[in-house]
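Student:
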Amino acid sequence: MSSPDMAPYVMPDPATLPPDRSGWAIDPRRAALLVLNVQNHLLHVLRESSAPADQLVAGVGALTESARAAGIPVLYTVGTAEREPTGRGIAFGHPRFPGDDDSRAVVDAIRPQVGDSVLAAKRFSAFAGTGLRRRLAEVGRDQPVIVGVFARTQVLLTAADAWMQDMEPFVVADAVADRARDDHRMAVDWIAATCGAVSTVRGVADVFGGPDSLARVT
0 MSSPDMAPYV MPDPATLPPD RSGWAIDPRR AALLVLNVQN HLLHVLRESS APADQLVAGV
60 GALTESARAA GIPVLYTVGT AEREPTGRGI AFGHPRFPGD DDSRAVVDAI RPQVGDSVLA
120 AKRFSAFAGT GLRRRLAEVG RDQPVIVGVF ARTQVLLTAA DAWMQDMEPF VVADAVADRA
180 RDDHRMAVDW IAATCGAVST VRGVADVFGG PDSLARVT
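Taking numbering that gives the first Met the number 0, the leading residue of the sequence shown gets 0, the next gets one more, and so forth.
1. Restricting to Cα atoms, I'd like to know which of Ala24, Ala196, Glu167 is closest to Phe207.
2. Are Val138 and Val171 touching if we call contact CB-CB under 8 Å?
3. Spell out the partners DSSP gives Tyr75 in its beta bridges.
4. What ranges does the alpha helix (DSSP H) occupy inside the segment 33-65, keeping only unbroken runs of at least 4 residues that lie completely in it?
5. I want to know whether the segment 62-74 touches the segment 25-38 - three or more CB-CB distances under 8 Å.
6. Hey, how far is the Cα of Ile89 from the Cα of Ser124?
7. Are Ala191 and Arg20 closer than 8 Å when you measure CB to CB?
8. Our contact map puts Ala69 next to Pro27 with C-beta atoms below 8 Å; I'd like the distance itself, whole angstroms only.
9. Please state if the CB of Leu16 and the CB of Ala176 are separated by a distance shorter than 8 Å.
10. Are the CB atoms of Thr79 and Asn36 within a distance shorter than 8 Å?
11. How long is the line joining the alpha carbons of Phe126 and Ala14, rounded to whole angstroms?
12. With the cut-off set at 8 Å, would you say Leu74 and Leu131 are in Cβ contact?
13. Pro143 by DSSP, collapsed to three states: which one?
14. From the DSSP output, in three-state form, read off Val9 for me.
15. Please report the distance separating the alpha-carbon of Thr193 from that of Val105.
16. How long is the line joining the alpha carbons of Pro111 and Lys121, rounded to whole angstroms?
17. Here's the rule: buried if 16 or more other CB atoms are within 10 angstroms of the residue's CB, otherwise exposed. What is Ala66?
18. Roughly how many whole angstroms lie between the Cα atoms of Ala186 and Leu155?
19. Could you tell me how far apart the beta carbons of Ala158 and Gly195 are, in whole angstroms, since I believe they sit closer than 8 Å?
20. Report the partner residues of Ala176 according to the DSSP bridge assignment.
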């Protein structure tokens, strides 16, 4: 059962998203899809909070299919049981992983495929200690299109880190999630105001693969 400050919510309506301030446009020749921590345990946490976990998986699934079909690199980060350093106040209240492999596995519906990259994440930013910057350089991409969990930590800090490294981060507002609507909204608004562009599953799928991709978006 969700607590009062974690009331059930749905993905944001595209009409309510903040205006774009970046002036950027996704270029399939520069883009890479970055899937953050869509793992069994964290999806369980979202469902306990009545967050839109199923919508998240559906949106991420549509984009991974679209990206692969278009030859756009797909990169995953996965959290580990050791990811949060002990004694750090910033990690207070953040879900920790159980020790079993299944809890840490990527959700089966969107599991990595041959050719995808999988990086072990140790901090909230996907760039911290993972080799992500090097991997993006190897595949010639500087527009990370970010999806996954949690909006207020991993997504927000990864987008900010990308911008500080002279990249153009895009966050897909209806393919990220958090345990509370206010946290989701805060992250999207802050990113749009400071360091990134905000888009939707339909908008990104259209750029990645055109009408055929849109047919996969529910």
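Glycine included, every Cβ here is placed at the ideal spot set by N, Cα and C.
Tutor: Let's see:
1. Ala24
2. no
3. Val34, Val117
4. 39-47
5. At 8 Å Cβ cutoff, the stretches touch.
6. Low local confidence applies: a pLDDT of 46 at Ile89 is under 50, so the model's placement there is unreliable, with the coordinate-based value given in what follows. Rounded to the nearest whole angstrom, the C-alpha separation of Ile89 and Ser124 is 13 Å.
7. yes
8. 6 Å
9. no
10. If you check the CB distance, Asn36 and Thr79 do not come in under 8 Å.
11. 31 Å
12. yes
13. strand
14. DSSP places Val9 in coil when its eight states are reduced to three.
15. Cα-Cα distance, rounded: 30 Å.
16. Straight through space, the alpha carbons of Lys121 and Pro111 are spaced by roughly 19 Å.
17. Label assigned to Ala66: buried.
18. Distance between the alpha carbons of Ala186 and Leu155: 6 Å.
19. 4 Å
20. Val148
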